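From first to last, the protein sequence lines are chains L and H.
The opening residue of the first sequence carries number 3 in the working numbering; numbering runs sequentially from there.
The opening residue of the second sequence carries number 3 in the working numbering; numbering runs sequentially from there.
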Amino acid sequence: MTETTTVADPVVVEEAEPKRGYAGQNVPRKEDRRLVQGEGVFFDDVKRHNMGYVHFVRSPYAHAKIRSVDVSKALEHPGVLGTLTGDEVALLTDPFFQISSPPGAHLKDYCLAVGKARFVGEPVAAVVATTRETARDASELVEVDYEPLTALTDARQALGDNAPVLHDEAGTNLTWEGVYEWGDLDQAFAEADRVVKISELHFDRFNSTPLECNGALVEFNRGTTQWTIITNNQFPGFAAIMMGPAMRVGIDKLRFVTQDIGGGFGNKITSHPQLVACCLLARKLNRPVQWTEWRTDFHLSMSHGNERWFQDTEVAVKDDGTLLGFRTTALDDAGAWLRYEPLGGVIWAQVTPGMYRWRNIRLDFKQVVTNKAPCSPNRGYSRMQHLWFTERVIDIVAHELGLDPVEVRKRNYIKAEEMPYETPNGCVYDSGDYAKMLDSALELVGYDELETRRAEAESRGVLLGLGIGSTLDSGTNNFGQSRLINPELQFSGNNEVATVKLDIFGEIVVTLGTTPQGQSHETTAAQVVADILGCSVDDINVRAGHDSYWNTYAGFSGTYASQFAVTGLGAVKGATDMLAVEMKKLASVVLGCAPEDIELADGFARMRENHEAALPFMALGAIINANNAGLPEDLDVTLNCRYVYRPPFQPPDVERKFGNLTLTYAAQVHAVVVEVDPETGVYEVVDYAAVDDCGVRINPQIVEGQVMGATAQALGAATHETFTYDEDGNLLTPNFYDYHVPHALDMPPLKTGNIESPSPFTSMGTKGMGEGGGAGIHAVCAALQDALRTRGNPIVYDSSNPYHRVWELLSNPESSRQRVSVEPS
Amino acid sequence: MATIPVVTSQVVSVEVNGTAYEREVEARRLLIHFLRDDLDLTGSHVGCDTGNCGACSVLLDGTLVKGCMLLALQADGATIETVEGLAEDEQLSPLQQAFSDHHALQCGYCTPGMLMSATALLRENPRPSDEEITRAIQGNICRCTGYWNIVTAVKAASGQEVTE
Numbered sequence: 003m004t005e006t007t008t009v010a011d012p013v014v015v016e017e018a019e020p021k022r023g024y025a026g027q028n029v030p031r032k033e034d035r036r037l038v039q040g041e042g043v044f045f046d047d048v049k050r051h052n053m054g055y056v057h058f059v060r061s062p063y064a065h066a067k068i069r070s071v072d073v074s075k076a077l078e079h080p081g082v083l084g085t086l087t088g089d090e091v092a093l094l095t096d097p098f099f100q101i102s103s104p105p106g107a108h109l110k111d112y113c114l115a116v117g118k119a120r121f122v123g124e125p126v127a128a129v130v131a132t133t134r135e136t137a138r139d140a141s142e143l144v145e146v147d148y149e150p151l152t153a154l155t156d157a158r159q160a161l162g163d164n165a166p167v168l169h170d171e172a173g174t175n176l177t178w179e180g181v182y183e184w185g186d187l188d189q190a191f192a193e194a195d196r197v198v199k200i201s202e203l204h205f206d207r208f209n210s211t212p213l214e215c216n217g218a219l220v221e222f223n224r225g226t227t228q229w230t231i232i233t234n235n236q237f238p239g240f241a242a243i244m245m246g247p248a249m250r251v252g253i254d255k256l257r258f259v260t261q262d263i264g265g266g267f268g269n270k271i272t273s274h275p276q277l278v279a280c281c282l283l284a285r286k287l288n289r290p291v292q293w294t295e296w297r298t299d300f301h302l303s304m305s306h307g308n309e310r311w312f313q314d315t316e317v318a319v320k321d322d323g324t325l326l327g328f329r330t331t332a333l334d335d336a337g338a339w340l341r342y343e344p345l346g347g348v349i350w351a352q353v354t355p356g357m358y359r360w361r362n363i364r365l366d367f368k369q370v371v372t373n374k375a376p377c378s379p380n381r382g383y384s385r386m387q388h389l390w391f392t393e394r395v396i397d398i399v400a401h402e403l404g405l406d407p408v409e410v411r412k413r414n415y416i417k418a419e420e421m422p423y424e425t426p427n428g429c430v431y432d433s434g435d436y437a438k439m440l441d442s443a444l445e446l447v448g449y450d451e452l453e454t455r456r457a458e459a460e461s462r463g464v465l466l467g468l469g470i471g472s473t474l475d476s477g478t479n480n481f482g483q484s485r486l487i488n489p490e491l492q493f494s495g496n497n498e499v500a501t502v503k504l505d506i507f508g509e510i511v512v513t514l515g516t517t518p519q520g521q522s523h524e525t526t527a528a529q530v531v532a533d534i535l536g537c538s539v540d541d542i543n544v545r546a547g548h549d550s551y552w553n554t555y556a557g558f559s560g561t562y563a564s565q566f567a568v569t570g571l572g573a574v575k576g577a578t579d580m581l582a583v584e585m586k587k588l589a590s591v592v593l594g595c596a597p598e599d600i601e602l603a604d605g606f607a608r609m610r611e612n613h614e615a616a617l618p619f620m621a622l623g624a625i626i627n628a629n630n631a632g633l634p635e636d637l638d639v640t641l642n643c644r645y646v647y648r649p650p651f652q653p654p655d656v657e658r659k660f661g662n663l664t665l666t667y668a669a670q671v672h673a674v675v676v677e678v679d680p681e682t683g684v685y686e687v688v689d690y691a692a693v694d695d696c697g698v699r700i701n702p703q704i705v706e707g708q709v710m711g712a713t714a715q716a717l718g719a720a721t722h723e724t725f726t727y728d729e730d731g732n733l734l735t736p737n738f739y740d741y742h743v744p745h746a747l748d749m750p751p752l753k754t755g756n757i758e759s760p761s762p763f764t765s766m767g768t769k770g771m772g773e774g775g776g777a778g779i780h781a782v783c784a785a786l787q788d789a790l791r792t793r794g795n796p797i798v799y800d801s802s803n804p805y806h807r808v809w810e811l812l813s814n815p816e817s818s819r820q821r822v823s824v825e826p827s
Numbered sequence: 003m004a005t006i007p008v009v010t011s012q013v014v015s016v017e018v019n020g021t022a023y024e025r026e027v028e029a030r031r032l033l034i035h036f037l038r039d040d041l042d043l044t045g046s047h048v049g050c051d052t053g054n055c056g057a058c059s060v061l062l063d064g065t066l067v068k069g070c071m072l073l074a075l076q077a078d079g080a081t082i083e084t085v086e087g088l089a090e091d092e093q094l095s096p097l098q099q100a101f102s103d104h105h106a107l108q109c110g111y112c113t114p115g116m117l118m119s120a121t122a123l124l125r126e127n128p129r130p131s132d133e134e135i136t137r138a139i140q141g142n143i144c145r146c147t148g149y150w151n152i153v154t155a156v157k158a159a160s161g162q163e164v165t166e
């Protein structure tokens, strides 16, 4: 196998460069044929002889001491194969590695609750039985003696004198804090004409609720002491780093296998605790075990999006709407455990100024733990919360100063000619033209006719409003940013792997390190390979899914954080370029010419000047693999090429909290028109435009599909989706009855547009995309505030605005207005 | 202290996609688990356990049902159609082809149920309007696409002109 690791040189792609081959075409998806026939293989489709079914016993209390766990009655139940308890786990495993610096570093997190339960739905024990139903029945026979404790459900009370402390080891609920300050705040506020103060804004708790819940089929090979974990975990690289040390084994003992995954959106990154429990059970019971999370279990326990309060915000602004800077405190509710947190405490900083040119920023990030489900990545992870805040600030400032939010945006947007643009904290926005995107979005929703439409709506007794959400989807993480959380961490950079080989009958076989969940990696990878090798996209076999034993695996392998178009395709291109060189070299030996004389076209390696002198790919594959006697000894060709893509990052400056945290910045500008019934608060989205810029698009139809999906999820979060808890810590929306995701009838008419600003920093001009920045949430908030201006000018202060909250704003606008004041500088 | 129900079982005979099956199943077993776990027809999926998401939708004697809302016993003697039966001789149905053509699926998890709902619609209403399509798939949740392309695909499969 030929292997190369190189740092990708930035390639400048001219915007006018003509498209060729498959790149840029709507090539039909390779994944579809199996998926539309029900022939996909999702983890729950896989069966093994004698496998047992796992059911977790979960805490009914938000906060309780566990006095004892008695599994004896469950074990007596017919069909039960075994159990696992916290006491066993504490003996067999070590606590998971904590990303946080102290005090968060002191948390003792195991795969089952040990000594104490800290949220409703936390796994306390596990039962394995011969059927799903029996396992569930028997779990009710496990007797857990709890001593209920006071639950902490409001982050704002986490630091009060009377607040219960969740983790005695940490000694406080404030598990991580970081003060970020760039520029000169004193100067900015001295220069300002006005200071707009906003006492409190709230970003609500929800997640993307992929339709397939988490799970795994786990087998233990007693002879080799290796586990095979057939799972839908979407970041096996991270899971391995978490699981190996906890289980006291090297990560080579953990084989992660995936074919199809039923949606992820970040919510399937932190299933490592349950996977550890399954591994322990497979070894203990000496049989394969299968765990399929129930929908309610998912809602209760898995990867909620970060809930965040922005408190005591002050914005320095000139009378003409020029934004000079802001200071705020971000109080982040992480839930009960830090499973991926406190990375959210730095990831927001990838988009510190949003799309705007303000240079003076101070943000005090405080993360606290509460008796709620642990937070972990959710589409738009941590940037979405921060971008919602910056977008809210823009609209509130504009309205309070009597300015047009469109004009304030245009005045303050980073300009196309300023790209690449270094933000106050050292991130480099690679390319983009935000003002042009805004113009495009406004045109799509008929902005010119807005006032006419507003008047027409008024005549119907309806309030009409326009809102804009302008956001960034930062992609390809520099994991060095974790050092801003904990300087002791030894992570930096990023990587992804692909292999491309030419096999004995001419098969071109591609393997990826990624774990796609609908992002069409098989298709786009094939497009890139076919263009380089000069053959049909139908000739490219991209292996479905992921297998960490394929040798297509690096520390950061997985599918998360908007990066495949850069890291994944960067690796595919690198490996294919290597293979092309080897194919030409081999053909030149056979045909007796120089490698430079060979071209790859139409499935042949042929002489440029004489197309009759040609070898089909099959001949090349056969020669190297099965007929290689007589080849020159120094012919360094394997036709099996592995490439590790590594973006050009430096570790950030920990002291200044300064550095480039992500490689690319896809941009979204969404515009929405809503109509509100002033009597009830019921509102409807009547027009919606989503304009996207993710650089070069390999497959525009697939890109547009991602834009649509992100839009739908944002609309769900803006209007109905919420993980609401009562004061005892019970989740009130534990299923799809109570947690209302958008259905087909909820969708507004949608117009999409795009511009293409190639990234100067990636090998194909692509940018990672797919998460969006939650632009729809911000746009709906802005539109509601605009619509309600004539009704007492209420302030939209929450990211979640179900009808009753809009009704409250209409009924009592003064209450919301108390959050805002404008003072002279 | 929980009480555990007495488990009884019964023989269930069904015809699924033209093949006859007879299995002894627990009385409490859901139709969707019978199809997936006992008959190994894993094309239909489970997404919610509460009848909301429609990933388990199948046709039971020609009527669209959610496989998690029926016991296997209730299907005794029935003729069932699932996603595995939509293509004929390796040839995708027009609906399946339209889903691919119009990028109406991403992860593909909701797709089998979505296809069964749309199949039921087109049998009753060969040229549905956008509104009728939207109502027909109201019981199917998709978290990837936002439904726009699904509506387009169903319309295209019915032979009507669509705008991309």
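Note that CB positions come from ideal geometry on N, CA and C, so glycine has one too.
Predicted model, so just to flag it, every value in this text is computed and none were measured.
Give me the Cα-Cα distance between residue i and residue j, rounded to the nearest whole angstrom.
{"i": "H722 of chain L", "j": "T155 of chain L", "result": "20 Å"}
{"i": "A318 of chain L", "j": "V687 of chain L", "result": "33 Å"}
{"i": "G161 of chain H", "j": "A279 of chain L", "result": "51 Å"}
{"i": "Y690 of chain L", "j": "N497 of chain L", "result": "37 Å"}
{"i": "F550 of chain L", "j": "A443 of chain L", "result": "Checking the displayed sequence, the identity of residue 550 of chain L turns out to be Ser instead of Phe. Using only the alpha carbons, I get a separation of about 43 Å."}
{"i": "S484 of chain L", "j": "L665 of chain L", "result": "15 Å"}
{"i": "D505 of chain L", "j": "S765 of chain L", "result": "26 Å"}
{"i": "G536 of chain L", "j": "T226 of chain L", "result": "43 Å"}
{"i": "G471 of chain L", "j": "V531 of chain L", "result": "36 Å"}
{"i": "V676 of chain L", "j": "R462 of chain L", "result": "14 Å"}
{"i": "H105 of chain H", "j": "V164 of chain H", "result": "13 Å"}
{"i": "F725 of chain L", "j": "L734 of chain L", "result": "7 Å"}
{"i": "T569 of chain L", "j": "S761 of chain L", "result": "13 Å"}
{"i": "G307 of chain L", "j": "G123 of chain L", "result": "17 Å"}
{"i": "R134 of chain L", "j": "E86 of chain H", "result": "24 Å"}
I'd like the list of long-range same chain contacts for residue i, defined as Cβ closer than 8 Å, with 5 residues on each side in sequence excluded.
{"i": "P80 of chain L", "result": "T136"}
Strictly under 9 Å for the Cβ-Cβ distance: is residue i near chain H by that measure?
{"i": "K270 of chain L", "result": "no"}
{"i": "A777 of chain L", "result": "no"}
{"i": "M710 of chain L", "result": "yes"}
{"i": "S74 of chain L", "result": "no"}
Under 6 Å Cβ to Cβ from residue i, same chain only, skipping five residues before and after it: list those, please.
{"i": "A100 of chain H", "result": "A155, A158 and A159"}
{"i": "V671 of chain L", "result": "M439, L440, A443, S472 and V693"}
{"i": "P796 of chain L", "result": "L790, L811, P815 and S818"}
{"i": "T561 of chain L", "result": "Q236, T516, T517 and P518"}
{"i": "D335 of chain L", "result": "A157, E309 and T372"}
Can you pull the DSSP bridge partners for residue i?
{"i": "D262 of chain L", "result": "L:F44"}
{"i": "A669 of chain L", "result": "L:L474 and L:D695"}
{"i": "L465 of chain L", "result": "L:V678"}
{"i": "F205 of chain L", "result": "L:R310"}
Please confirm if residue i has its CB atom under 9 Å from at least one CB of chain L.
{"i": "L107 of chain H", "result": "yes"}
{"i": "I143 of chain H", "result": "yes"}
{"i": "I139 of chain H", "result": "yes"}
{"i": "A89 of chain H", "result": "yes"}
{"i": "E24 of chain H", "result": "no"}
Please tell me whether residue i has its Cβ less than 9 Å away from any Cβ of chain A.
{"i": "A746 of chain L", "result": "In the structure shown, chain A cannot be found, because the protein chains are L and H."}
What are the residues of the segment 204–228 of chain L that lie near chain H, defined by any Cβ-Cβ distance shorter than 9 Å?
Within the segment 204–228 of chain L, contact with chain H at the beta-carbon level (separation under 9 Å) is assigned to S210, T211, P212, L213, E214 and C215.
What are the residues of the segment 726–737 of chain L that lie near chain H, defined by any Cβ-Cβ distance shorter than 7 Å?
Taking 7 Å as the Cβ-Cβ cut-off against chain H, the residues of the segment 726–737 of chain L that qualify are N737.
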